[in-house]
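Working notes, beginning with the structure itself.
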Amino acid sequence: MKILQIHKYYSFQRGGGSVSAFFETKKLLEERGHQVIIFSMQDKTNEKSPYSKYFISHFDINQTKNFREKIKLGIRSIYNREAKKKLEILLQKEKPDIAHIHNIYHYITPSIIDSLKKYHIPIVFKLSDYKIVCPNYKLFTQGHICQKCLQGRYYNTFIHKCLKDSYAISFVAMLEAYFHKWKKTYTKVNRFLAPSQFMIDIVSSAGIPSKKISLLRNVLNFSQFEADFEKRNYFAYVGRISEEKGLDILLKAVAFLKNNQQLFNHKLLIVGKGPSEKKLHQLAQKLNITDVVKFKGFLAKNTRDWKNIFQKARFTVLPSIWYDNSPVAISESMAFGTPVIVSNLGGTPEMIENEKSGLIFEARDKIDLAEKILKLISNPQKAKEMGKKAFQRVHKINNEELYYKKLFQIYKEVIKENENKKI
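Be aware that the sequence shown starts at 193, since it is given in the numbering used here, and climbs by one per residue.
Structure follows, in structure tokens:
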């Protein structure tokens, strides 16, 4: 089968979990003998590809200071005509059997959906975030979960400055949402792929027919992970450092434990980068916990240092205060034999078995989080047993063979449905 895989980034150094899932899917399909065709954006950090001549030209609206250029790129980020044109050239030459869209927003844009339908290419669309129902991706704004746009009231994005606290950027995002609603862009997608049941419930409540959404968990290449059940005296957060991740709650929980002399020589390691780094450093100083909280900065995925953090951590923590969908970092932690403490929001609770392969706490509740942390650092043997259960759990839900069989079955169903529509 000739399968077109589309992502705005073709670089391991760009993006986050959606990039990892994209490359894992590509690798898995190629190993099963399929021809994978790539469509992406040019970037100096890209992997080599025989299809790079079809990639759209690189641009970044955030790095443009000229107002007129910002307006021009803003329009391009809503409907990229270059992407539409270049994809059509690629489609004419390669004639793929199906297209699998991953993450295209602000660069490739949904303009390509028109090209795919023009050439009768069936489309599956992975829901890595909430963009199709929420202009700012997150259902989260001004420090709180928000569902005001779910029924198409996208003007709330502008009113509340939901993107980067900017009226201008939020206005462009609002226009984009209304534009694609007017064009009925997403009605042209044959099937949506959701990594969590929670995602299915959210988008179907916003009007996407549930029969057009299939549950497909993320996949991991387990050959890249080596479990280690002998842990050290630290726990870790690995990911983006931003407001919605709830890291202030984590620091306050650590401060509570320190003040009650209940850390038992354990430290918290924070790995990653993001817009909230400065505030988080300041909070650690204010709480007087800089001796037990260590900021490790960004560590490239699959490097020795990155692996060591996961392998030797007593457990990892994801204290999100937003509807985290299905973070790859949780699966990665479990693949190293490291249990996870997660908040009770979004799709993350689906990924673990509470009290078996991890623990679930009440979001924003620093005392509840502190109690869950204490439960594992005061009982290393329990944490070790959870790590073993986490290892078993991830091999069950993020299994390569299971993922491939289900994905390929979806491909066949969508191709057949598309053929029937043409008759």
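Backbone N, C-alpha and C fix where the C-beta goes; we use that ideal spot for every residue, glycine too.
The beta strand (DSSP E) with residue i in it runs from where to where?
i      : result
His292 : 290-293
Leu196 : 194-198
Ile533 : 532-535
Val509 : 508-510
Measure the alpha-carbon distance for residue i versus residue j and round it to whole angstroms.
i      : j      : result
Lys580 : Lys574 : 10 angstroms
Leu308 : Tyr271 : 14 angstroms
Phe487 : Ala476 : 10 angstroms
Phe317 : Glu592 : 19 angstroms
Cys338 : Leu331 : 5 angstroms
Tyr603 : Ile290 : 7 angstroms
Leu408 : Ser388 : 7 angstroms
Tyr370 : Ile522 : 34 angstroms
Leu221 : Gln227 : 8 angstroms
His458 : Ala419 : 21 angstroms
Lys499 : Leu551 : 22 angstroms
Leu510 : Glu223 : 33 angstroms
Ser623 : Met543 : Because the chain in this structure spans residues 193 to 615, residue 623 falls outside the shown range and cannot be described.
Trp374 : Gly344 : 11 angstroms
Ser535 : Glu469 : 21 angstroms
Tyr347 : Asp321 : 20 angstroms
So who's on the other strand from residue i, going by DSSP bridges?
i      : result
His336 : Thr333
Asn546 : Gly550
Leu407 : Ala386
Phe251 : In the DSSP output, where bridge partners are listed per residue, Phe251 has none listed.
Leu461 : Ala428, Lys486
Lys162 : Because the chain here runs from 193 to 615, residue 162 falls outside it and cannot be looked at.
Between which two residues does the alpha helix (DSSP H) harbouring residue i extend?
i      : result
Gly209 : 209-223
Val586 : 572-589
Arg496 : 496-504
Phe470 : One detail in the question is off: residue 470 reads as Lys in this sequence, not Phe. 469-478 is the extent of the alpha helix (DSSP H) around Lys470.
Asp235 : First-last for Asp235: undefined, no H or E at that position.
Ala445 : 439-451
Ser244 : No alpha helix (DSSP H) holds Ser244; DSSP gives it neither H nor E.
Leu455 : Here Leu455 belongs to no alpha helix (DSSP H), and DSSP marks it neither H nor E.
Ile569 : 558-569
Ile304 : 303-310
Ala527 : 520-527
Within the 7 angstroms Cβ cut-off, does residue i reach chain B?
i      : result
Ala275 : The structure shown has no chain B; it contains just one protein chain.
For residue i, which of helix, strand or coil comes out of DSSP?
i      : result
Ile230 : strand
Leu355 : coil
Trp669 : Limits of the chain in this structure are 193 at one end and 615 at the other, which puts residue 669 out of reach.
Asn272 : coil
Gln416 : helix
Pro541 : helix
Phe135 : With the chain running from 193 to 615 in the structure shown, residue 135 is simply not present.
Asp393 : helix
Gln153 : Look at the range of the chain in this structure, 193 to 615, and you will see that residue 153 is not part of it.
Leu283 : helix
Thr492 : Just to set this straight, residue 492 is Ala in the shown sequence, not Thr. Looking at Ala492 - three-state DSSP - the assignment turns out to be coil, as it is neither helix nor strand.
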